[in-house]
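2 protein chains.
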Amino acid sequence: MDAATCRRLFASSLRAALATSGLRGPHIVPIVFAVDENRLYTAIDQKPKTTNRLQRLKNIERDPAVAVLADRYADDWASLWWVRADGVASTVTDSETRAHGLDLLAAKYPAYRDQRPHGALIAIDVTSWKGWSAAGAAS
Amino acid sequence: MDAATCRRLFASSLRAALATSGLRGPHIVPIVFAVDENRLYTAIDQKPKTTNRLQRLKNIERDPAVAVLADRYADDWASLWWVRADGVASTVTDSETRAHGLDLLAAKYPAYRDQRPHGALIAIDVTSWKGWSAAGAAS
Chain D
4 MDAATCRRLF ASSLRAALAT SGLRGPHIVP IVFAVDENRL YTAIDQKPKT
54 TNRLQRLKNI ERDPAVAVLA DRYADDWASL WWVRADGVAS TVTDSETRAH
104 GLDLLAAKYP AYRDQRPHGA LIAIDVTSWK GWSAAGAAS
Chain L
4 MDAATCRRLF ASSLRAALAT SGLRGPHIVP IVFAVDENRL YTAIDQKPKT
54 TNRLQRLKNI ERDPAVAVLA DRYADDWASL WWVRADGVAS TVTDSETRAH
104 GLDLLAAKYP AYRDQRPHGA LIAIDVTSWK GWSAAGAAS
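Listed below in structure tokens is the structure:
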């Protein structure tokens with residue numbers, strides 16, 4: 004599956020899983036995200052978070068290498084696909100970039116139009132798109 | 004969310020994301036799995052796999068600490084939940100344990116009843132169940 008197809012499928016997904024490296028092993032959380040060319044944006048919203056959910060920020064600060072997975076599951080395994088984006092994460096500090104990222108998130112998610120995220124905005128610069136689809140594998 | 008609730012929700016999910024530690028960062032793949040008390044089983048089936056998909060086995064051999072995420076996404080964010088199982092992964096070599104794990108997988112997935120996985124069976128001994136639900140957070 005080429006990078007353009009991977010990115011298109013990935014962007015079509017409403018949620019993904021973000022893996023970061025912790026001191027005692029990998030850490031993984033579900034995220035919502037927006038795709039902007041080879042960059043992903045995901046935000047920490049204003050809801051109360053447990054220490055565990057914020058672990059992602061600590062991990063990224065120490066080791067910015069991350070992997071993000073979007074996939075489709077179905078009872079019919081002939082329609083499965085997944086796409087993995089490997090990249091480098093950072094917390095957005097520039098206010099224009101933040102506004103742009105939040106605009107993209109609000110355009111994708113109605114819940115973010117009602118209430119914009121107030122927490123950190125994470126940018127992930129994707130260095131590799133990899134994917135697999137059952138349809139592609141069978142052809 | 005207590006461990007029993009986490010495990011019940013996790014077991015109700017048909018797919019999860021498995022994060023392992025690679026040399027250049029975290030690695031993440033979608034998996035199907037069966038839950039047996041505090042153990043998860045997931046198999047490599049007989050379909051052709053790319054080098055990337057088998058990366059999980061190499062990673063586990065070098066660093067058995069893994070994290071597995073099951074979650075529910077919905078447009079209505081009030082019904083979201085996720086559960087993360089942190090644990091220690093190993094490849095099952097004992098034939099009785101392998102048969103037991105495959106039985107559990109076949110009981111959960113019709114596709115595995117039609118054709119049992121022929122590849123490696125991974126066992127993940129869960130050391131921690133953590134979870135969050137929007138319903139629980141709001142109450």
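Protein sequence lines, in the order shown, are assigned to chains D and L.
When we follow my numbering, the leftmost residue of the first sequence carries the number 4, and every step to the right adds one.
When we follow my numbering, the leftmost residue of the second sequence carries the number 4, and every step to the right adds one.
For each residue, glycine too, the CB sits at the ideal point set by N, CA and C.
Quick caveat, the model's predicted, so the values are computed rather than measured.
Contact with chain D by residue i, beta-carbon distance below 8 Å
i	result
L/Gly122	no
L/His103	no
L/Asn55	Because L/Asn55 carries a pLDDT of 47, less than 50, the predicted location of this residue cannot be relied on, and the following value inherits that uncertainty. So yes, L/Asn55 belongs to the interface.
L/Ser24	yes
L/Leu43	no
L/Leu12	no
L/Ile47	no
L/Trp132	no
L/Ala92	no
L/Ser136	no
Closest residue to residue i among the options (Cα-Cα distance)
i	options	result
L/Ala46	L/Arg18, L/Asp89, L/Ser136	L/Arg18
D/Thr23	D/Arg10, D/Thr8, D/Ile127	D/Ile127
D/Ser16	D/Asp5, D/Ala37, D/Arg27, D/Gln58	D/Ala37
D/Trp80	D/Arg87, D/Val35, D/Gly139, D/Leu43	D/Gly139
D/Ala114	L/His103, L/Ala77, L/Ser136	L/Ala77
D/Tyr44	D/Gly28, D/Ala20, D/Ala137, D/Ala7	D/Ala20
L/Arg75	L/Ile125, L/Asp117, L/Ala14, L/Leu108	L/Ala14
L/Gln58	L/His103, L/Arg27, L/Arg116, L/Val35	L/Arg27
L/Asp48	L/Val129, L/Ala123, L/Ser93	L/Ala123
D/Trp132	D/Asp66, D/Ala109, D/Val91, D/Arg65	D/Val91
D/Val35	D/Ile125, D/Ala6, D/Leu60	D/Ile125
L/Glu64	L/Thr130, L/Arg10, L/Val95, L/His103	L/Val95
Residue i (DSSP reduced to helix, strand or coil)
i	result
L/Ser16	coil
D/Gly139	helix
L/Leu43	strand
L/Gly122	coil
L/Arg27	coil
D/Pro33	strand
L/Leu72	strand
L/Asp66	coil
D/Leu57	helix
D/Leu21	strand
L/Ala88	strand
L/Asp48	coil
L/Asp117	helix
D/Asp128	strand
L/Thr8	helix
D/Thr94	strand
Test: residue i CB closer than 8 Å to a CB of chain L
i	result
D/Ala114	yes
D/Asp89	yes
D/Asp74	yes
D/Ile125	no
D/Val221	Because residue 221 of chain D is not part of the residues shown, which for chain D are 4 to 142, the question remains open.
D/Arg27	yes
D/Leu17	yes
D/Ala20	yes
D/Ile63	no
Beta-carbon contacts of residue i that lie in its chain and below 7 Å, excluding the five residues immediately before and after
i	result
L/Asn144	Beyond the ends of chain L as shown, which are 4 and 142, falls residue 144 of chain L; an answer cannot be given.
D/Asn55	For D/Asn55, the predicted model reports a pLDDT of 47, less than 50, meaning its position is unreliable; a value from the coordinates is still stated below. Within the same chain, D/Asn55 has no close Cβ partners at all.
D/Leu72	Ala19, Ala20, Trp85, Arg87
L/Lys111	Ala37
D/Asp39	Leu107
L/Trp4	Per the sequence shown, the amino acid found at residue 4 of chain L is Met instead of Trp. Correct list, in chain order: Gly134, Trp135, Ser136, Gly139.
L/Ala109	Tyr115, Arg116, Arg119
Residue environment, residue i, which counts as buried when at least 16 other CB atoms sit within 10 Å
i	result
D/Pro33	buried
L/Ser82	exposed
D/Ser98	exposed
L/Arg116	exposed
L/Ala70	buried
Cutoff 6 Å; reference residue i; Cβ partners in own chain excluding five residues on either side
i	result
L/Arg119	Leu105
D/Ser136	Trp84
Residues of its chain near residue i, where Cβ-Cβ distance is below 8 Å and the 5 sequence neighbours each way are ignored
i	result
D/Thr8	Gly134
L/Leu60	Ile47, Thr94, Ala123, Ile125
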